[in-house]
Amino acid sequence: MGIFGAIASTANGFRAIPPGALPPAPVDTAAPSLRPAAVESQSPNTPAVPVAAPSPRRPLTGALSLEAGEIGARRTGALQRNAVLQDVSTLFSPPENDLGAAFNKFVEGWAAFSGNPDNPETGRNLIKHGEALAGAIRTLSAGTEEISTRLSASTAAGVDELNRTLVDIHLENRAIVSRVALDRDTGDLEAKRDGLVSRVVELTGANLFPRENKGASLVTPGGQVLLDEHPTRFTAPGQPPDPASPGAVPAEGAITGGRLGALLAMSTDGSRSTPPRKAAADPGSEIVRKLRSQLDAATNTLLGRSRINQPASFADAYDSVVPKSADALGSGFFLGDNRLTVAVNPALLNGSRTLKDNAAPNVLSSLTATNRQFITDGFTISGFGYSGLLKAVTAQWTGVADNANVEAQVAVAADSLMTRRRERPGPVDLPGEVTRLQQLQTALGSTGRIGHSLGEFLGAIGGTAA
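Using the numbering used here, the first residue of the sequence shown is number 89, and each one after it goes up by one.
Shown next, in the form of structure tokens:
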């Protein structure tokens with residue numbers, strides 16, 4: 089087992105941490121949060137904000153060389169995932185966007201209206217709760233589209249950064265080879281190239297392969313050549329083919345590691361491929377696709393029609409009852425075309441129509457019915473009602489964000505260990521590493537299960553460093 093494998097094994101103990109016990113998410117300039125300010129200079133007419141190249145570290149040899157690149161790439165990827173998923177978690181933060189709570193108030197509104205339909209206040213409260221529920225879905229849907237836009241901009245900027253850096257490394261390679269042919273010193277050029285290579289490694293998780301003439305090639309762990317005789321040019325998802333770059337490689341699927349790999353995994357949408365692909369099993373992948381699908385399912389609880397062998401839908405339960413008066417709204421409590429436009433019927437909001445009090449029993453039966461099945465991109469649940477679906481959507485993303493936070497902290501700890509190894513030549517200080525791991529355990533509020541992996545962890549460090 090390699091170093092990161094041992095760290096990952098140790099990290100299994102961290103997963104038992106209650107969400108409330110987690111310390112703040114790690115902050116890193118290599119993985120900024122995808123809030124609007126982070127990408128406001130990445131419009132089509134403005135160059136992307138440059139990311140500072142990491143400082144070159146002491147070169148490693150032997151088995152530690154590949155381990156160091158992998159750990160550094162995992163760190164940048166984990167931090168990038170965590171930054172985006174914390175934005176998603178914030179989007180679902182109560183009280184405004186708590187779908188489960190909003191739905192429960194809507195049900196309570198129908199129950200109160202059913203018990204006292206002649207009281208105008210109960211009708212107004214019911215309509216208010218309905219609009220709050222529809223508003224929460226609209227807010228979440230709009231937020232999802234904003235995250236999608238920022239993800240696309242950051243991914244395109246990352247691909248552009250990779251292309252430019254590979255060209256820069258290629259130019260340094262040529263200069264180094266020329267100096268070697270002239271038997272001149274290449275130290276300054278190699279130092280500059282090391283900084284550029286570090287950037288590519290953290291972007292992609294690439295492995296470096298030195299050449300006899302002091303040149304260097306870069307290949308991803310999956311076998312995609314980034315730079316050999318010439319730099320490979322990549323295209324971001326959704327970009328049209330560049331006539332000036334025939335043979336350009338789509339970054340999606342080719343780059344899976346590092347910060348750019350994390351961005352690509354989160355922003356990709358297999359449903360738009362030919363043929364469409366099933367949603368990725370990894371909860372942190374295809375997040376925009378999954379958010380859209382799950383919010384479509386939430387919208388369907390308000391607008392959808394009944395399905396075979398399932399309880400009547402809310403819309404059918406209301407619409408199927410004949411109104412007792414001409415003033416009552418006959419159908420369409422909720423209107424809208426999709427998750428972005430769903431809303432309470434304007435006739436109810438402006439008071440030109442009243443609620444059908446005789447529809448209340450049917451509606452309450454529909455809203456509280458169980459034994460429904462919901463199939464979305466991301467999860468499938470059966471045997472629950474509307475409330476179970478809406479609570480599951482919120483729980484899905486808060487849980488994914490909590491896990492991303494823990495994984496980011498573990499990745500930072502692993503990279504810190506490797507950094508100390510690179511900065512301090514000589515044997516690994518095993519007692520010191522034990523102390524640091526114990527401090528990490530305390531800081532994360534972890535259980536004592538981390539101790540079960542310490543022996544394996546230290547054995548892997550000793551075996552690799554030997």
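Beta carbons are placed, not taken as given, at the ideal position from N, Cα and C, and that holds for glycine.
Residue Gly231 holds the alpha-carbon nearest to the alpha-carbon of Leu173 among Asn204, Gly231 and Pro363.
By DSSP's assignment, Arg460 forms a beta bridge with Phe472. Non-local beta-carbon contacts of Glu495 in its own chain, meaning distances under 6 Å to residues more than five positions away in sequence, involve Ala166 in chain order.
If you draw a straight line from the Cα of Leu423 to the Cα of Ala431, it comes to about 6 Å. In its chain, beyond the 5 residues on either side, Arg441 and Thr442 have a beta carbon closer than 8 Å to the beta carbon of Asp415. Residue state for Pro208 is assigned as helix, using DSSP reduced to three classes.
In the DSSP assignment, Leu383 falls within the unbroken alpha helix (DSSP H) covering Ile375 to Leu391. With fewer than 16 other CB atoms across the displayed protein chains lying within 10 angstroms of its CB, Thr227 is exposed. Between Arg287 and Thr253, the beta carbon gap of about 5 Å places them in contact (Cβ cut-off 8 Å).
A distance below 6 Å between beta-carbons, with the five flanking residues on each side excluded, links Gln312 to the following residues of its chain, in chain order: Ala342. Where Ala353 is concerned, the enclosing alpha helix (DSSP H) starts and stops at Gly346 to Ser355.
Under the three-state reduction of DSSP, Leu270 is assigned to coil, being neither helix nor strand.
In the DSSP secondary-structure assignment, Ala304 is bridged to Pro298.
When DSSP states are grouped into helix, strand and coil, Pro334 belongs to the coil group. A straight line joining the alpha-carbon of Leu436 with that of Ser355 spans about 39 Å.
Within the same chain, Cβ atoms closer than 8 Å to the Cβ of Ile257 are found at Arg281, Leu284, Val285, Val288, Ala304, Leu306, Leu315 and Pro319, the five residues on either side in sequence being excluded.
The region 193-212 and the region 486-494 do not touch, with fewer than three beta-carbon pairs separated by less than 8 Å.
DSSP, reduced to helix, strand and coil, places Phe201 within a helical segment of the structure shown. In the DSSP assignment, Leu436 falls within the unbroken alpha helix (DSSP H) covering Pro434 to Leu437. In the DSSP assignment, Leu291 falls within the unbroken alpha helix (DSSP H) covering Gly275 to Thr292. With respect to the C-alpha of Thr486, the residue from Gly293, Pro371 and Phe322 having the closest C-alpha is Pro371. Comparing C-alpha distances from Arg262 to each of Ile215, Glu317, Gly246 and Ser242 shows the shortest one belongs to Glu317. A direct Cα-Cα distance of roughly 35 Å separates Thr468 from Ala501.
Around the beta carbon of Asn301, fewer than 16 other beta carbons lie within 10 angstroms, which makes this residue exposed. Looking at the DSSP output, Thr429 sits in no beta bridge, so it has no partner there. Fewer than three pairs of CB atoms, one per stretch, sit closer than 8 Å, so the region 157-165 makes no contact with the region 187-198.
Put simply, the backbone Cα of Thr243 is about 41 Å away from that of Asn459. Annotated three-state conformation of Thr507 is helix, per DSSP. In the three-state reduction of the DSSP assignment, Val255 falls in the helix class. By the CB criterion at 8 Å, Ser401 and Ser454 fall inside the cutoff. When the alpha-carbon of Ser475 is set against those of Phe194, Phe180, Gly157 and Asp276, the nearest one is in Phe194. Leaving aside the five residues that flank Thr274 on each side, the residues in its chain whose CB is nearer than 7 Å to its CB run, in chain order, Ile264, Arg267, Val268 and Lys302.
Taking 8 Å as the cut-off, the Cβ atoms of Arg393 and Asp384 do not count as close. Shown here, Pro363 sits in coil according to DSSP, grouped into three states, outside any helix or strand.
By the CB criterion at 8 Å, Ala222 and Leu478 fall outside the cutoff.
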